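Chains A and B, in that order, give the protein sequences. Using my numbering, you'd call the opening residue of the first sequence number 1 and step up by one each time. Using my numbering, you'd call the opening residue of the second sequence number 255 and step up by one each time. Every residue, glycine too, gets a C-beta built ideally from N, C-alpha and C. Computed from a predicted model, the values in this text were never measured in an experiment.
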Amino acid sequence: MQNALLVGLSRQVALGRELDVVANNIANINTTGYKADGSLFEEYLSNTARGERGDRNSGRISFVRDRGTWHNMSAGPIEQTGNPLNVAIDGSAFLVVQTTRGERYTRNGAMQINNQGQLVTSEGDQVLGDAGPISFQPTDNSVTIGQDGTITVREGNSKVDSLRGSLRLVNFTDAAQLRKDGGSTFAPVNGAAPQPTKTSRVIQGSLEKSNVSGVIEMTRMIELTRAYTQIASLLAQQTDQGQQALDKLAEVPN
Amino acid sequence: MRALHTAATGMKAQELNVQVISNNIANMRTTGYKRQRVQFQDLLYEHVSRIGTQTSAQGNRLPVGIDLGGGVKTVGTPRLMTQGTLNQTGGTLDLAIRGDGLFKIQLPDGTYAYTRDGSFQMDAQGRIVTSQGNVVQPAITIPQNSSGLTVNAQGQVAVTPQGATQSTVLGQLTLTRFINQAGLLSVGDNMFTETAASGAPQDGLPNTDGAGDLQQGQLEQANVEAVSEISDLIAAQRAYEMNSKVITAADQMLSATSNLMRG
């Protein structure tokens, strides 16, 4: 009798977690370069309460357990912003950012120039080029970022382009090698090493929007609230049944 | 239930987004206004079950972990310092900059501010001033009863004094550049001031080092594009609604739990 309650409870805990994941996706529906998360569930077989005493006929009960969250690494829509320091990446590559915690990888190409003329993220972390941080001179103007990430400028009144570096673009063989680290960045897992890539294309003046699909997230949310309330009523029925059984059994014939 | 707070961060972020968009739209016709754009990032994750954790002595590792995000944060509202379109006004002291530079203006307290708004006037002493009466640097005094005021592309201000037939150059306006223009602080009245993020001001002559040239009789319009602002507004409003739905859903789930307890 208690097992039904516990199975139901395991599902409710899992659904609660899934709602947390959906809520985070929806909160980040307008976050540049955000990648949606999904939830994975698995069956968890356990002996019944009686089974622990070695009663093999009692069978096994399957609970549900949240196994993990996975990142949907599909590309988000590309939005034109007109800002020369915004880049979107067409392909699976990441930009490399030097943070205080170490190298981090991001798809958020909203870059700035800091007071020392370095190319940085909105948080002030350096965006790395093939040869370290990228710096500009005070007289540089008309920044152009080519499809391969090459950054050129016009120096002062000069009519020819001067090279300032090239954005370092890296790739990972498997999205499972990355975990989210906040601030639109990803951190490598277990020392996974990024591979340089040449297959992605950099698009200047654009940003990659969040790949969260509002429709899918809302559907998931409706689905899981329904499931949650269903289980709640199931649990209520179970409790009622228990109560009835007790009442019946306790009836003393006159 | 964490979802409640996560959705609350989302609603707050979208509220701020709408605020910035409405300011852009309100300033669509403001001379020299530069549009702002909100930048969001995801918040720190709680790694409930850490990806890559070793699960057996044989070295098996978890291929996926449970990462629960805490919502969204706003990192900044940088200005987009692109060129606005020039509008012909015919005013002799209406100046527009075609390039990256800014006009340097002295505030009453002696400090300097910078602006792209070149709708200048003349004060009682004949100085070139902004609409608020702050003197444009370097201060140029135009003699009384002179005529034919011209400002050329290099910023040279010339007039024809009374009784003369030739025009004389009174001075040259300078333009100031910053290495990080988006780091300037907006102080209202179309003015910006220097910050630690913008870098030191570099005064120079128009038409040098990418500062841009001056166009007399024209004004630079705001670089706000109505279409993109309105579509951003729709997206922000929808996102706000969706976040509020998450709160409703979390509330329903909580109430389902509390209804389990009956008399």
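If you keep only unbroken beta strand (DSSP E) runs of at least 3 residues inside the segment 386-458 of chain B, you get 401-405, 410-414, 422-426, 429-431, 439-442, 445-447, 456-458. Interface residue (Cβ-Cβ distance to chain A less than 7 Å): B:P460 is not classified as such. Spatial neighbours of B:V413 in its own chain (CB-CB distance under 8 Å, excluding positions within 5 residues in sequence) are listed in chain order as I396, P397, S400, S401, G402, L403, T404, S421, T422, L424. For A:N115 against B:G464, the beta-carbon gap comes to about 18 Å, at or over 8 Å, which does not count as contact. Its chain contains N278, I279, N281, M282, Y287, R289 as the residues whose beta carbon lies nearer than 8 Å to that of B:V478, once the 5 sequence neighbours on both sides are disregarded; these appear in chain order. With the criterion set as a beta carbon lying under 8 Å from some beta carbon of chain A, the segment 357-384 of chain B has no members that meet it.
Look at A:R104: its C-beta is not under 7 Å from any C-beta on chain B. Excluding sequence positions up to five before and after B:V302, its CB lies within less than 8 Å of the CB of G319, I320, D321, L322, all in the same chain and listed in chain order.
When secondary structure is reduced to three states using DSSP, A:S158 falls in the coil class, being assigned neither helix nor strand. With a cutoff of 7 Å on beta-carbon distance, B:L468 and B:A378 are scored as not near each other. In this structure, A:S39 lies near A:V21, with their beta-carbon atoms less than 7 Å apart. In this structure, DSSP gives B:I359 an extended state, which the three-state scheme calls strand. Contact between the segment 367-387 of chain B and the segment 440-457 of chain B is present, with at least three C-beta pairs closer than 8 Å. At a cut-off of 7 Å between beta carbons, A:T219 makes no contact with chain B. Nearest to B:L356 by alpha-carbon distance, out of B:G387, B:G345, B:E474, is B:E474. Within the segment 323-336 of chain B, those residues whose Cβ lies closer than 9 Å to any Cβ of chain A are, in chain order, G323, G324, G325, V326, K327, V329, G330, P332, L334, M335, T336.
The continuous alpha helix (DSSP H) containing A:L224 extends over residues 214-250. Non-local C-beta neighbours of A:L163 in its own chain, meaning closer than 6 Å and more than five positions away in sequence, comprise T152, ordered along the chain. Of all residues in the segment 431-458 of chain B, only R431, F432, I433, N434, Q435, A436, G437, T449, A450, A451, S452, G453, A454, Q456, G458 come within less than 9 Å of chain A when Cβ atoms are compared, listed by chain position.
Going by DSSP, A:R67 is part of the beta strand (DSSP E) stretching over 60-71. Uninterrupted beta strand (DSSP E) stretches at least 3 residues long and entirely within the segment 315-352 of chain B occur at 320-323, 326-330, 340-342, 349-352, given in chain order. By the C-beta density criterion, A:P188 is buried, having at least 16 other C-beta atoms within 10 angstroms.
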